[in-house]
Amino acid sequence: MRSITGDGVRTALSIVRKALEEPGPAVPFEVREVPSGTPVLDWTVPREWNVRAAYLVGPGGSRVADVADNALHLLGYSVPVRTRLTLDELRPHLFSMPDRPDWIPYRTSYWNENWGFCLADNALRALPDGEYEVVIDTTLDDNGSLTYAEVVLPATEQPPGGGEPGEFLITTHTCHPAMANDNGSGIAVATELARHLAALPRRRFTYRILFIPGTIGSITWLAGNPDVIPRIRHGLVLTGLGDPSEPTYKRSRRGNATIDRAAAAALAETGEPHRIVDFSPYGYDERQFCSPGFDLPVGRFGRGQHGEYPQYHTSADDLSFVTPESLAGSFAIVRRILEICERESVWRNTSPYGEPQLGRRGLYRAIGATMNRQAAEMALLWVLNLADGRHSLLDIAERAALPFASVEAAVDALAGVGLLVEESAGARNGGQA
Ligand code: ZN
30 MRSITGDGVR TALSIVRKAL EEPGPAVPFE VREVPSGTPV LDWTVPREWN
80 VRAAYLVGPG GSRVADVADN ALHLLGYSVP VRTRLTLDEL RPHLFSMPDR
130 PDWIPYRTSY WNENWGFCLA DNALRALPDG EYEVVIDTTL DDNGSLTYAE
180 VVLPATEQPP GGGEPGEFLI TTHTCHPAMA NDNGSGIAVA TELARHLAAL
230 PRRRFTYRIL FIPGTIGSIT WLAGNPDVIP RIRHGLVLTG LGDPSEPTYK
280 RSRRGNATID RAAAAALAET GEPHRIVDFS PYGYDERQFC SPGFDLPVGR
330 FGRGQHGEYP QYHTSADDLS FVTPESLAGS FAIVRRILEI CERESVWRNT
380 SPYGEPQLGR RGLYRAIGAT MNRQAAEMAL LWVLNLADGR HSLLDIAERA
430 ALPFASVEAA VDALAGVGLL VEESAGARNG GQA
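Quick note on the working numbering: the sequence shown kicks off at 30 and runs consecutively.
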């Protein structure tokens, strides 16, 4: 029974904590509570909502809707009600989807006091006339709090050229109850990502993974962390990663930040159908991170977008709608986006006057066996030509229309024979360069 606040969120976060405690490197997992009434940017942390029971009893005495059967039956943030009403009096409080008559819709009313039940349209239309008993045993507590969790995995290295390591922000929303793709999938992938990142031998960035309620969670975090915000170099909002649609990246408001280019490179490398869509001020928490005052280099990764698939915000977004293959594919792409951001760097050719003799250094032999030979040679030539201390790996991959992996391999080979040296972290700044 999750929402933007309440014990359902705490229970969900305790499940994440348990998953992070499975054998493997320790993952620091901090649950934070922000008191109701706290002013956060233009908003206020709401009263904490909890549900003890909520059901609707029909004239025949049987329960026609009960949150014990499905959390979606209750309008999110319903105020407490105990009353008897005729069907006509009840109707304004009943929600269904006539075009999908077997599915229960997901509805909330966080900011306007209301109460209601969500039902399959077939069930709604079968309700007989008569008197109904409404029992909504909820609490809205002024002394409650908003709960979120944070994993922080510090960078293991100083940036070349000194200074403080930047941060990579990854967020996923925890507020949607009982739906698998939106957003059990985001919580699952973020959890696995935390385990993966904790196991890395080297991290150039500090990774901060937030499990937050949508909208008010990112606003609360942004309001409470003004010192962290200037350190954010890249960010990703993870939502809807388990459905069968093609992988979809939504660009940051900046449009050409390193994260936007790294995501495009990672998706291109898959060789599979995918989509890259431009920023728009509609969607999930990227709306807050990309609001004009912050304008952070934060994109969104997922598959089917909100409203594009019929199961969206309904009881049909269940475990049959997400597949292990889609989840694993999404995880692999996110991991690769992070790797590319880690790897993005600027190098300088140490032998820039005329082409250096590659054969003499064994470079053609080194690359011959492992990959497409012609592409590998082209990558060597492009890297040597553009590694002038001004172009980054992404610049080279884009200009040469080569996979990022080929450019990476060429840099490794050339650095291995002393033909390249790394410059200071010129391009690791979220795309200012
Ligand atoms: Zn949603």
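We put the CB at the ideal spot given by N, CA and C, even for glycine.
Assigned secondary structure, residue i (DSSP; H/G/I helix, E/B strand, else coil)
| i | result |
| --- | --- |
| Asn172 | coil |
| Asp441 | helix |
| Pro276 | coil |
| Asn130 | Before going on, a small fix: residue 130 reads as Pro here, not Asn. Three-state result, Pro130: coil. |
| Ala223 | helix |
| Arg332 | coil |
| Arg283 | coil |
| Ala207 | coil |
| Leu325 | coil |
| Ser421 | strand |
| Ile261 | strand |
| Asp117 | helix |
| Ala294 | helix |
| Leu123 | strand |
| Ile288 | helix |
| Thr185 | coil |
| Leu448 | coil |
| Thr299 | helix |
| Val218 | helix |
| Phe58 | coil |
| Glu337 | coil |
| Leu270 | coil |
Same chain only: Cβ atoms within 6 Å of residue i, ignoring 5 sequence neighbours per side
| i | result |
| --- | --- |
| Pro432 | Glu298 |
| Leu238 | One point to set straight first is that residue 238 is Ile, not Leu, in the sequence displayed. The answer, listed in chain order, is Val180, Ile199, Ala219 and Ala223. |
| Arg428 | none |
| Asp36 | Asn79 |
| Arg290 | Leu423 |
| Val60 | Leu42 and Ala178 |
| Leu101 | Ile133, Tyr135, Cys147, Ala207 and Ser344 |
| Val69 | Ile248, Thr249 and Ala252 |
| Glu162 | Val86 and Arg113 |
| Ala408 | Leu431, Ser435, Val436 and Ala439 |
Burial state of residue i, where buried means 16 or more other Cβ atoms lie within 10 Å
| i | result |
| --- | --- |
| Ser125 | buried |
| Asn212 | buried |
| Ser281 | buried |
| Lys47 | exposed |
| Ile44 | exposed |
| Leu348 | exposed |
| Tyr382 | exposed |
| Gly447 | exposed |
| Gly173 | buried |
| Val363 | buried |
| Trp346 | The sequence shown places Asp at residue 346, rather than the Trp named in the question. Asp346 should be labelled buried. |
| Thr14 | In the structure displayed, the chain extends from 30 to 462; residue 14 sits before or after that span and is not available. |
Residues of its chain near residue i, where Cβ-Cβ distance is below 8 Å and the 5 sequence neighbours each way are ignored
| i | result |
| --- | --- |
| Arg81 | Asp166, Thr167 and Thr168 |
| Ala293 | Tyr278 and Ile305 |
| Leu153 | Leu123 and Ser125 |
| Glu437 | Arg372 and Leu422 |
| Glu62 | Ser174, Leu175 and Thr176 |
| Glu160 | Pro88, Arg113, Leu114 and Thr115 |
| Ser258 | For the sequence presented, residue 258 should be read as Ile rather than Ser. So the list reads Leu251, Phe323 and Leu325, once near-sequence residues are dropped. |
Extent of the continuous beta strand (DSSP E) run through residue i
| i | result |
| --- | --- |
| Trp78 | Glu77 to Val86 |
| Asp95 | Arg92 to Asp95 |
| Ser247 | Note, Ser247: premise wrong, no beta strand (DSSP E); alpha helix (DSSP H) at Ile245 to Gly253. |
| Ile305 | Arg304 to Val306 |
| Tyr236 | Thr235 to Ile241 |
| His202 | Glu196 to His202 |
Where the alpha helix (DSSP H) through residue i begins and ends
| i | result |
| --- | --- |
| Phe360 | Pro353 to Arg372 |
| Glu315 | Glu315 to Phe318 |
| Leu409 | Arg402 to Leu415 |
| Asn378 | Per DSSP, Asn378 belongs to no alpha helix (DSSP H); it is in the beta strand (DSSP E), Val375 to Asn378. |
| Ile44 | Asp36 to Leu49 |
| Arg154 | Asp150 to Arg154 |
Interface flag, residue i vs chain C, CB-CB below 9 Å
| i | result |
| --- | --- |
| Ala444 | The chain inventory of the structure shown lacks chain C, comprising one protein chain alone. |
7 Å Cβ shell around residue i - same chain, five flanking residues per side excluded
| i | result |
| --- | --- |
| Ala434 | Glu298 |
| Phe350 | Ala209, Asn210, Asp272 and Gln340 |
| Trp5 | A query on residue 5 cannot be resolved here, the shown segment of the chain reaching from 30 to 462 and no further. |
| Asp131 | Ala149 and Asn151 |
| Arg18 | Past the boundaries of the shown model lies residue 18; the chain is included only from 30 to 462, so the question cannot be answered. |
| Leu30 | It should be noted that the sequence gives Met, not Leu, for residue 30. Within the same chain, Met30 has close Cβ partners Gly37, Val80, Val96, Ala100 and Pro206. |
Can we say the region 76-88 touches the region 256-264, given the rule of at least three CB pairs closer than 8 Å?
Under the three-pair Cβ rule at 8 Å, the region 76-88 does not count as touching the region 256-264.
Do the region 130-139 and the region 186-195 touch if we need at least three Cβ pairs shorter than 8 Å?
The region 130-139, when compared against the region 186-195, does not touch it at the 8 Å Cβ threshold.
With a cut-off of 8 Å, do at least 3 Cβ pairs link the region 382-396 to the region 357-366?
Under the Cβ criterion (8 Å, minimum of three pairs), the region 382-396 does not count as touching the region 357-366.
Three-pair Cβ contact test at 8 Å for the region 243-250 versus the region 292-311
Per the Cβ contact rule, the region 243-250 is not in contact with the region 292-311 (fewer than 3 Cβ pairs under 8 Å).
Any chance the region 374-381 sits against the region 411-428, with 3 or more Cβ pairs inside 8 Å?
Judged by Cβ distances under 8 Å, the region 374-381 makes contact with the region 411-428, as three or more pairs qualify.
Any contact of the region 266-273 with the region 306-320, i.e. 3+ C-beta pairs under 8 Å?
A contact is defined here as three or more CB-CB pairs under 8 Å, and the region 266-273 meets this definition with respect to the region 306-320.
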